[in-house]
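Asks:
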Ligand SMILES: Cc1ncc(C[n+]2csc(CCOP(=O)(O)OP(=O)(O)O)c2C)c(N)n1
Ligand SMILES: Cc1ncc(C[n+]2csc(CCOP(=O)(O)OP(=O)(O)O)c2C)c(N)n1
Ligand code: SF4
Ligand code: SF4
Ligand SMILES: [Mg+2]
Ligand SMILES: [Mg+2]
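Residue numbers (our numbering), protein chains in the order written: chain A, 55 to 629; chain B, 55 to 629; chain C, 23 to 308; chain D, 23 to 308.
1. Under 8 Å between beta-carbons, which chain D residues line up against residue 267 (chain B)? List them in chain order, please.
2. Listing by chain order, which chain D residues have their CB less than 8 Å from the CB of residue 287 (chain C)?
3. Excluding sequence positions up to five away, which residues of its chain have a Cβ less than 6 Å from the Cβ of residue 198 (chain C)?
4. Under 7 Å: does the beta carbon of residue 51 (chain C) sit that close to some heavy atom of ligand 1?
5. For residue 144 (chain C), tell me which candidate among C:165, C:95, C:157 and C:112 has the shortest Cα-Cα distance.
6. Any beta carbon from chain B within less than 8 Å of residue 157 (chain C)'s own beta carbon?
7. Within 10 angstroms of the Cβ of residue 208 (chain B), are there 16 or more other Cβ atoms? Answer buried if so, exposed if not.
8. Does at least one heavy atom of ligand 4 sit under 7 Å from the Cβ of residue 152 (chain D)?
9. Which residues in the same chain as residue 23 (chain C) place their Cβ atom closer than 7 Å to its Cβ, once the five residues preceding and following it in sequence are excluded?
10. From the beta carbon of residue 318 (chain A), is the nearest beta carbon of chain C less than 8 Å away?
11. Is the beta carbon of residue 127 (chain C) closer than 8 Å to that of residue 177 (chain D)?
12. For ligand 2, I want to know if residue 161 (chain D) counts as a neighbour, meaning its beta carbon is within less than 7 Å of at least one of the ligand's heavy atoms.
13. Please work out which residues of its chain come closer than 7 Å, Cβ to Cβ, to residue 37 (chain C), disregarding the five sequence neighbours upstream and downstream, and give them in chain order.
14. Chain B partners of residue 151 (chain C), CB-CB under 8 Å?
15. Measure the beta-carbon distance from residue 324 (chain A) to residue 352 (chain A) and round it to whole angstroms, keeping in mind my assumption that it falls under 8 Å.
16. For residue 128 (chain D), decide whether its Cβ has a neighbour in chain B, counting only Cβ atoms nearer than 8 Å.
17. Tell me residue 426 (chain A)'s beta-bridge partners as DSSP assigns them.
18. If you draw a straight line from the alpha carbon of residue 147 (chain B) to that of residue 130 (chain B), how long is it in whole angstroms?
19. Using the rule of at least 16 other Cβ atoms within 10 Å of the residue's Cβ for burial, across every protein chain shown, is residue 161 (chain A) buried or exposed?
20. According to the neighbour-count rule (16 or more other Cβ atoms, all chains shown, within 10 Å of its Cβ), is residue 367 (chain B) buried or exposed?
21. With three or more C-beta pairs closer than 8 Å as the rule, is the stretch 143 to 161 of chain C touching the stretch 97 to 112 of chain C?
22. Answer yes or no: do residue 220 (chain C) and residue 207 (chain C) have a C-beta to C-beta separation smaller than 8 Å?
Right, here's the structure in full:
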């Protein structure tokens with residue numbers, strides 16, 4: 055019987071090509087219409103050290119990292135020692151006997167795969183051993199070899215005919231390496247249905263960057279920081295060709311300052327960072343909110359606090375996103391829930407920033423930012439792109455920038471417009487922008503700025519952005535935010551198979567909340583689980599301060615994302 | 055009949071000496087055992103502009119700013135126009151007819167007080183008109199003139215005999231200026247009981263600085279920022295003589311960094327700032343929490359967000375104090391409730407920082423920081439001062455800095471100790487301090503660091519620091535934090551006069567909470583009001599996320615502190 | 023210039039009255055600025071002044087322009103964003119010695135490297151004015167301030183020397199009382215293609231009793247006529263000679279502006295990378 | 023020195039294995055550092071190394087000492103606090119070019135003014151190593167990095183020139199491959215009373231293919247013997263002459279250290295102000 059869902063881990067010394075093996079495997083499988091979901095683990099060393107990349111390949115939709123590996127390809131002893139005990143009951147270890155021994159009493163199937171030796175024999179060098187491994191996996195999984203060869207060819211063609219040929223030989227040898235070995239039988243993947251839509255394979259970071267470009271972002275400034283750097287690098291490459299500009303700033307303060315300057319001057323502008331950088335942006339988030347400038351900040355969350363674990367994931371910046379600046383500064387907080395959603399919520403972030411003239415913080419996380427997945431190509435012609443509400447030039451004589459309105463939103467001007475001059479200041483100010491500290495002006499201004507959030511909250515009640523699924527009047531529900539959507543959905547699907555309906559809420563706008571919608575969701579439920587990747591149950595406590603609810607808190611703070619199984623196990627206890 | 059409680063406002067051009075008038079009045083009254091409570095309003099101009107200082111003088115204890123003035127001394131028209139409509143029903147305006155006219159139909163008593171003219175006549179110049187005003191007030195209030203003269207003498211003696219003599223003449227003339235005017239009768243203050251304790255008159259900022267010195271703080275770094283600058287200035291003057299060091303840093307990041315360096319090297323160290331500066335400290339708060347270094351940060355809250363209203367008060371940094379750094383970083387948050395308490399909570403801040411090895415944020419506010427009040431001299435011999443729990447030198451071979459304990463607290467070493475070497479890092483680390491990103495270490499470390507807060511929370515349940523007064527099983531209660539204690543107590547006292555008991559909770563440790571104690575307080579109450587000087591009801595929402603409670607939210611965000619009357623009015627609606 | 027009639031200096035004043043103390047040096051700077059704007063016929067609609075926090079930071083409020091009054095120390099990166107977003111604007115930065123050399127000092131070397139076409143007026147009064155008299159990085163040795171009760175212990179920074187070492191393309195010093203020289207200098211600074219930076223000594227009669235107008239008048243001198251502003255070595259020599267307080271242009275050179283470098287990158291990117299988002303998607307096709 | 027036996031260079035190595043790439047220039051710095059420590063018989067218990075974030079920032083982990091591995095760019099102010107709190111400690115700062123010249127660059131001029139007795143090793147590889155190859159403020163013009171796909175557009179900063187303009191009292195440059203010269207320079211830096219700052223060029227073979235070991239070897243030269251390090255003008259001239267990469271001491275002078283200035287303030291304060299908290303209360307008596 056063929057498999058419908060398999061987890062493959064490839065581990066070895068960084069630089070030996072383990073990441074390419076898994077990368078090419080992912081791409082080939084996705085090419086042949088399988089669903090894929092990747093995950094990487096980073097070595098402590100700058101170069102070298104133990105690297106691991108995992109691919110989950112499935113005939114059906116796949117939404118989480120999964121738990122234990124069905125197949126571990128271990129290039130060396132460290133790989134075996136570190137990952138050898140995280141194998142599924144029915145799993146198998148393929149190991150290179152040249153660099154790796156199987157410990158006595160090892161409780162899983164283990165099959166020697168002489169990668170080194172094969173590479174030496176076929177190509178005269180050891181450099182192709184990763185291609186041998188790739189081929190071995192290709193045959194074990196029954197992925198069409200042609201798809202794989204195509205990718206190898208395109209990857210190596212720049213390196214010259216000689217190298218390409220050697221690798222093709224290595225591949226052929228690898229394909230038959232494990233022929234007839236009984237332990238590797240049964241891992242053939244069932245063919246998925248062919249897909250109509252054309253897909254791209256991208257990471258969460260790339261999806262965010264593409265979303266920004268699609269939304270019309272034309273200025274980006276940032277300072278390198280793991281795991282947000284790829285967004286800056288992507289922009290450096292692609293944005294100038296679209297007529298935009300990208301600046302590597304001297305630090306995160308300069309980055310956000312210049313983004314605000316560009317926004318003031320009329321550009322849609324963004325910065326991307328992670329925890330330590332977000333901290334440094336804190337003061338200017340207040341400035342932006344006070345002076346009502348559109349601003350998009352992407353926070354790719356990593357494990358904190360402090361420098362923390364830069365290459366590990368976490369959902370622990372929520373409270374900081376909600377409250378992170380001194381005083382009371384309205385802002386919008388969005389949390390995309392999947393790689394595809396990273397694209398769409400980034401577009402939404404720009405729309406909301408321009409519309410509500412305040413900072414929009416987009417919370418992604420390391421795991422979602424770095425893994426890749428295949429995604430249907432967004433249809434640019436059907437994308438809603440909002441432009442800034444600009445006061446009409448000419449009609450603006452006596453213009454008041456902060457004119458108080460019912461929605462709280464005041465039309466802006468941009469430098470260069472006749473008679474649109476005003477002061478953008480972080481001081482409390484009157485409708486024109488001039489400093490004013492009277493109690494009356496203060497109360498009016500605070501109310502005006504916060505009224506914008508009320509306006510948006512009402513809109514969200516009408517067209518809530520997110521999942522609010524009562525599951526046919528289920529009595530138990532799961533609430534999550536951000537990238538936990540996948541594992542939660544998997545857990546709910548498993549419960550359904552077992553005959554239990556579970557409601558699901560995964561709001562994508564975390565500030566403001568769609569209060570009515572959420573109230574309606576919570577009301578019929580006897581029990582709710584709030585699932586998050588942090589220690590202090592931040593979203594749960596945020597919910598408690600907003601609704602009468604006593605959630606069962608399900609938390610993980612290991613630096614790794616939830617798998618569907620983990621969420622299901624937590625759920626099971628309360629069914 | 056003599057008065058027991060009077061509010062006097064003195065207003066005029068900054069630089070004309072209006073602040074001295076009110077200052078000397080305050081000091082003289084306090085000297086003669088009256089209770090005093092001051093408040094200042096700052097002009098927008100750097101120099102000059104409308105200045106106002108208010109003194110509330112009372113025969114009994116006085117705890118809040120009060121509402122309307124019983125006496126307004128207006129030096130000029132702007133003073134009249136700005137403050138003329140905030141007069142108590144029975145109040146009187148004294149105005150200098152040279153610079154001020156009373157508008158037609160003005161509904162209060164108004165008495166001309168020819169300050170300018172008198173000064174010119176008696177001294178030949180206008181510079182002494184403030185002394186004339188001071189004298190007039192002295193006689194109207196029936197404050198013993200000798201107390202006042204003493205202070206005038208000590209203030210002017212440095213300026214030379216001539217000037218001193220002129221001012222003494224002006225004073226004598228002012229004493230009789232309003233003799234026999236019927237409108238100013240009835241404002242004589244009733245004599246208070248003489249006091250046994252010796253008192254000092256200090257501001258909240260001075261109380262904090264003195265508390266730090268008393269606690270053994272020997273390193274201070276800061277960057278000037280209104281309204282926290284006076285703490286730095288105080289330290290610059292006094293700390294070096296006590297063998298400590300003070301650094302004006304290049305910015306707030308450098309300030310907190312150097313404070314952490316000093317703490318690492320074994321000194322009790324502190325920085326003081328306000329909103330914008332606190333924002334800049336955010337990253338290193340995480341570093342401190344992660345590397346478990348003792349740290350005291352004073353945040354003198356001002357109106358935000360952004361630059362906001364630097365000279366106005368607010369209690370809106372609570373959420374930022376609780377959550378202000380990316381990731382999850384345990385910290386302690388304290389909120390002193392009065393000027394006297396500023397002293398004691400600062401001592402407590404150092405004790406807790408040293409004991410729990412984490413950042414302690416002390417939240418005061420502009421109003422409390424700048425007003426002055428008379429305070430019983432702290433008894434240094436009865437002060438509990440905690441010293442750092444230092445691992446014993448010699449016994450520390452194989453020392454693990456982050457050794458996991460039941461309380462979460464690990465004994466520290468300090469540089470210079472033999473065999474106590476370790477790494478203080480912002481990276482996640484093992485017990486020695488070496489970077490370690492394994493899930494097991496991560497979970498253990500997070501739990502260890504947070505366990506310290508649980509330890510403290512239990513201690514607080516036992517000896518709760520703050521007010522937890524059930525008021526003989528009252529059914530309604532008021533909850534406040536920080537400087538609202540005074541007005542809340544006044545309101546509760548008024549309710550008591552009217553025959554209603556009102557419970558009162560004013561915790562001084564806001565993170566962690568004394569959970570059991572608070573639960574016990576909340577349980578019998580049918581209604582609770584949460585009173586705070588902010589827009590979004592931060593403490594209320596914090597309570598909601600911790601307890602099943604639905605507070606009635608009483609908020610003020612005008613930039614001015616609550617008066618007892620305002621709190622009482624809010625309370626009345628719910629009695 | 024879309025305005026029909028020529029604007030006079032006073033037409034550049036906004037409706038907000040300066041909050042500065044009587045006699046503040048900043049008034050001279052304001053006067054020179056409006057004169058220069060009028061002389062160059064700058065259209066207020068195209069004028070952006072980004073200012074930091076301080077007495078000097080209020081400058082932008084008092085001019086008829088698009089004013090951006092940002093956080094303490096962040097005017098330079100803010101202005102960089104403004105200029106990049108719209109190179110047609112006239113962008114100025116105004117701020118104090120604390121704003122520019124203390125909290126904001128880290129941004130200077132990077133402004134020099136990028137060289138956007140911006141003019142920066144660093145209003146140096148050797149003190150923190152707005153916060154009422156603490157020491158600044160240019161407070162003279164020994165000066166007693168609210169934070170140096172025993173006299174300033176650390177030597178002051180030398181802004182011009184620092185600017186030269188950063189590689190700024192236009193470096194000057196001026197004195198607020200010499201309004202005419204300053205107005206002239208401003209027109210040259212604006213005419214300069216690239217970042218022009220001016221240490222503009224503007225005494226604070228309220229809090230600085232050491233570097234006063236009188237002291238300045240006794241020590242100030244124009245840069246000698248024979249100084250060649252294109253000679254970097256000479257500029258350094260002049261800056262190192264601290265006998266007198268020289269005013270004028272120390273150094274001026276040509277280098278690619280940020281706007282030019284951005285345009286170059288757009289061209290390069292356009293040569294190699296897709297020109298639409300749809301085409302970018304194609305690059306990531308399975 | 024409380025240790026009974028003399029320590030060898032290797033005795034200064036901690037138990038943590040460097041995570042650096044094979045061939046990283048930082049290894050040379052580590053070797054020279056341990057040699058200098060052994061030569062000066064520094065007791066590890068009195069040794070504090072404060073480091074920032076970067077490959078170079080891990081330096082402190084690999085030495086037997088009290089290590090303080092702070093946030094990115096904040097090593098200098100942290101070390102200032104350490105030294106002030108306990109002047110008896112040997113305090114070093116180690117960090118990268120990004121750490122020290124980009125995000126942390128604003129702290130440098132103020133360290134120069136204060137002049138604490140600290141030695142700063144700025145490990146300059148012209149790249150952001152730890153984040154895997156973005157441009158840094160010392161990346162050469164034209165260099166392609168992950169954030170400069172079209173080549174670096176902005177000219178690099180000249181650290182030595184900047185250090186001189188800030189008024190540092192000991193300014194040097196060195197090259198990681200010349201371990202012997204470096205160890206010697208380190209002993210001189212430590213012997214110097216005041217802040218000693220060293221631009222320590224330490225190539226990154228992984229991400230910087232422009233300023234490589236080979237390039238350095240072809241361009242590096244010791245400072246000519248006839249250079250007088252007490253002559254500031256000469257130091258500037260030497261720094262401005264960019265034909266060769268000179269290594270050695272550019273400038274060295276005497277000035278009061280932060281610790282001395284602090285001691286002076288304690289004395290002055292003690293003369294005028296109360297010496298106990300109780301006495302301070304008395305000053306505020308009614
Ligand atoms: C982050 C932050 N820290 C501190 C302050 C307080 N502050 C306002 S202005 C200023 C310094 C003013 O000095 P300077 O820049 O020289 O300007 P001047 O007032 O002398 O013109 C300071 C420290 C602030 N607004 N923000
Ligand atoms: C506030 C903050 N921003 C960004 C980062 C990410 N970061 C880590 S190291 C580094 C730069 C490293 O370059 P450099 O200082 O030159 O050190 P090197 O690795 O080259 O030795 C950056 C940007 C961070 N840790 N903290
Ligand atoms: S304090 Fe000084 S700088 Fe500020 S306005 Fe007054 S004179 Fe000018
Ligand atoms: S990346 Fe470069 S600097 Fe970092 S360890 Fe490797 S070689 Fe050294
Ligand atoms: Mg100044
Ligand atoms: Mg580097």
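C-beta: ideal position from N, C-alpha, C; glycine also.
As the structure is a prediction and not an experimental result, all values here were calculated from the model.
Replies: Well, looking at it:
1. Within chain D, the residues near residue 267 (chain B) are 299 and 302.
2. Ordered by position in chain D, the residues that pass the 8 Å Cβ test against residue 287 (chain C) are 172 and 175.
3. These residues qualify, in order along the chain: 47, 50, 51 and 224.
4. No, since every heavy atom of ligand 1 falls outside the 7 Å radius drawn around the Cβ of residue 51 (chain C).
5. Ranking the options by Cα distance to residue 144 (chain C), first place goes to C:95.
6. So, interface residue.
7. Residue 208 (chain B) should be labelled exposed.
8. For ligand 4, at least one heavy atom lies less than 7 Å from the Cβ of residue 152 (chain D).
9. Model confidence at residue 23 (chain C) stands at a pLDDT of 44, short of 50, so the residue's coordinates are unreliable and nothing is read from them.
10. Yes - at least one Cβ of chain C is within 8 Å of the one on residue 318 (chain A).
11. Cβ atoms of residue 177 (chain D) and residue 127 (chain C): not closer than 8 Å.
12. No, the Cβ of residue 161 (chain D) stays beyond 7 Å of every heavy atom of ligand 2.
13. Around residue 37 (chain C): no qualifying Cβ.
14. What residue 151 (chain C) touches in chain B: 100.
15. About 7 Å separates the CB atoms of residue 324 (chain A) and residue 352 (chain A); that is less than 8 Å, so the two are in contact.
16. At least one C-beta of chain B is nearer than 8 Å to the C-beta of residue 128 (chain D).
17. Answer is A:257.
18. Straight-line spacing of the CA atoms in residue 147 (chain B) and residue 130 (chain B) works out to 12 Å.
19. In the assembly as shown, residue 161 (chain A) is an exposed residue. Its beta-carbon has fewer than 16 other beta-carbons within 10 Å.
20. Buried, by the Cβ-count rule.
21. At 8 Å Cβ cutoff, the stretches do not touch.
22. Contact check for residue 220 (chain C) against residue 207 (chain C) passes: the beta carbons are separated by less than 8 Å.
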